[in-house]
């Protein structure tokens, strides 16, 4: 077993192939183009086609990530599949299906992690801990959710936001960013704020907005303070891309220049657990970014903050 | 207290919309304010922070005018 840390080595992504014009959809809900552009931020939303599934999108993303990392599937010792879209109802779990389709070794650990928008940061921490304790050299952390097929038809709070997609992150003992620390939280008293009921997935917009605005900004400040990280020392805060409005509101609460809190949601919408790795994918090769703070938050209510530091070697 | 709350609401609206809020009074309908639904969440959140009092969803649904907000947080 090596005493080296755990690093993000590569990321692959795969958006669903069909598209929804979100401006046109906004008109149906009585929202004009200005609201869609400046508050939601997503002008189009990818939506799963009939031939696509959580596992198929995840598989496409994983193959890209493995190719970029120049790794063979046989070298993967751990697969974590973050999802709330179990293709076969959860029995078997998506990780088993993907394990088989990718041809991972039978020695690999594989399981699902049933979280939504906090899932990627939770997954990083779980994977890192398992790799360290079990001497695993390479892991795949897959995020794949397709909420659109389960939305309540008349719920404006979800229909204008969510897009379907998947990301796959290769974690290794070498890579671009080291996972330094994480801190997590849950407030189960708010579980009804985002829920799937008989009508489909519905969101209490005010409850989720306030949770994100207050709890997440406080969590980031607390986490950075505990780890001796002045906010000004962080190159970028990569927040879950819930909507343009919520990311900008958290940036305002943090008192951080919006340029360091990117919003990149125009063609993706809210990709649930894949929104943060989609941001990160575009930053792995940019060596001007040394220190990143990731913050995921959503259904549960659940949240997590993780510190990534550029590998100096 | 209501004057302070009205001032808070006017300041929020002016800051958010860059429009004059001097004519906003207790009788002004919330849906007539030049702010959108997400801004309204933030405004009520700031009033909650200011007064240390949460507004349940059941009360939120009943808010029609600025005066309703002032009364709730008064």
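Residue numbers (my numbering), protein chains in the order written: chain F, 1 to 313; chain W, 1 to 74. Cβ atoms here follow ideal geometry from the backbone N, Cα and C, with glycine treated the same way.
Residue-level contact to chain F via CB, residue i, 8 Å cutoff
i: residue 69 of chain W; result: no
i: residue 52 of chain W; result: no
i: residue 11 of chain W; result: no
i: residue 36 of chain W; result: yes
i: residue 31 of chain W; result: no
i: residue 59 of chain W; result: no
i: residue 42 of chain W; result: yes
i: residue 45 of chain W; result: yes
is_contact[residue i, chain W] using C-beta, thresh 8 Å
i: residue 204 of chain F; result: yes
i: residue 210 of chain F; result: yes
i: residue 16 of chain F; result: no
i: residue 245 of chain F; result: yes
i: residue 35 of chain F; result: yes
i: residue 289 of chain F; result: no
i: residue 236 of chain F; result: no
i: residue 2 of chain F; result: With a pLDDT of only 45 at residue 2 of chain F, under 50, the local geometry of the prediction cannot be trusted, and no value is derived from it.
i: residue 28 of chain F; result: no
i: residue 213 of chain F; result: yes
i: residue 63 of chain F; result: no
i: residue 39 of chain F; result: yes
i: residue 201 of chain F; result: no
Residue i classed as buried or exposed, judged by whether at least 16 other C-beta atoms fall within 10 angstroms
i: residue 193 of chain F; result: buried
i: residue 241 of chain F; result: buried
i: residue 277 of chain F; result: buried
i: residue 312 of chain F; result: exposed
i: residue 18 of chain W; result: exposed
i: residue 46 of chain F; result: buried
i: residue 281 of chain F; result: buried
i: residue 91 of chain F; result: exposed
i: residue 1 of chain F; result: Note on residue 1 of chain F: pLDDT 40, under 50, position unreliable in the model; the coordinate value appears next. Classification of residue 1 of chain F: exposed, given that the 10 Å Cβ count is below 16.
i: residue 52 of chain F; result: buried
i: residue 50 of chain W; result: exposed
i: residue 139 of chain F; result: buried
i: residue 99 of chain F; result: buried
i: residue 5 of chain W; result: buried
i: residue 72 of chain F; result: exposed
i: residue 275 of chain F; result: buried
Identity of the residues DSSP links to residue i by a beta bridge
i: residue 203 of chain F; result: F/194
i: residue 315 of chain F; result: Residue 315 of chain F lies beyond the residue range present for chain F, which begins at 1 and ends at 313; the question has no answer from this structure.
i: residue 109 of chain F; result: F/78
i: residue 46 of chain F; result: F/19
i: residue 11 of chain F; result: F/169
i: residue 238 of chain F; result: F/294
i: residue 144 of chain F; result: F/166
i: residue 29 of chain W; result: W/65
i: residue 178 of chain F; result: F/7 and F/309
i: residue 151 of chain F; result: F/201
Check whether residue i and residue j have beta carbons under 8 Å apart
i: residue 216 of chain F; j: residue 120 of chain F; result: no
i: residue 219 of chain F; j: residue 305 of chain F; result: yes
i: residue 284 of chain F; j: residue 262 of chain F; result: no
i: residue 270 of chain F; j: residue 161 of chain F; result: yes
i: residue 20 of chain F; j: residue 55 of chain F; result: no
i: residue 302 of chain F; j: residue 165 of chain F; result: no
i: residue 16 of chain F; j: residue 170 of chain F; result: no
i: residue 209 of chain F; j: residue 43 of chain W; result: no
i: residue 68 of chain F; j: residue 273 of chain F; result: no
i: residue 265 of chain F; j: residue 41 of chain F; result: yes
i: residue 258 of chain F; j: residue 249 of chain F; result: no
i: residue 201 of chain F; j: residue 147 of chain F; result: yes
i: residue 211 of chain F; j: residue 183 of chain F; result: no
i: residue 206 of chain F; j: residue 253 of chain F; result: no
i: residue 196 of chain F; j: residue 137 of chain F; result: no
i: residue 289 of chain F; j: residue 310 of chain F; result: yes
i: residue 8 of chain W; j: residue 66 of chain W; result: no
i: residue 235 of chain F; j: residue 292 of chain F; result: yes
Beta-carbon neighbours of residue i, restricted to chain B and to distances below 7 Å
i: residue 249 of chain F; result: The chain labelled as chain B is not found among the protein chains of the depicted structure, namely F and W.
Do the segment 126-134 of chain F and the segment 152-160 of chain F make contact, defined as three or more Cβ pairs closer than 8 Å?
-> Contact fails: fewer than three Cβ-Cβ distances are below 8 Å.
Three or more beta-carbon pairs under 8 Å between the segment 189-196 of chain F and the segment 48-59 of chain F, yes or no?
-> The segment 48-59 of chain F and the segment 189-196 of chain F do not touch, with fewer than three beta-carbon pairs separated by less than 8 Å.
Is there contact here, the segment 102-111 of chain F with the segment 82-90 of chain F, by at least three beta-carbon pairs under 8 Å?
-> No: the two stretches stay apart, fewer than three of their Cβ pairs being nearer than 8 Å.
Are at least three pairs of beta-carbons, each pair with one atom in the segment 171-184 of chain F and one in the segment 2-11 of chain F, less than 8 Å apart?
-> Yes: at least three Cβ pairs fall under 8 Å.
Three or more C-beta pairs below 8 Å linking the segment 52-60 of chain W and the segment 218-236 of chain F | By the criterion of at least three beta-carbon pairs nearer than 8 Å, the segment 52-60 of chain W is not in contact with the segment 218-236 of chain F.
Count the CB pairs spanning the segment 12-32 of chain W and the segment 29-44 of chain F that are closer than 8 Å, and state whether there are at least three.
-> The segment 12-32 of chain W vs the segment 29-44 of chain F: no contact.
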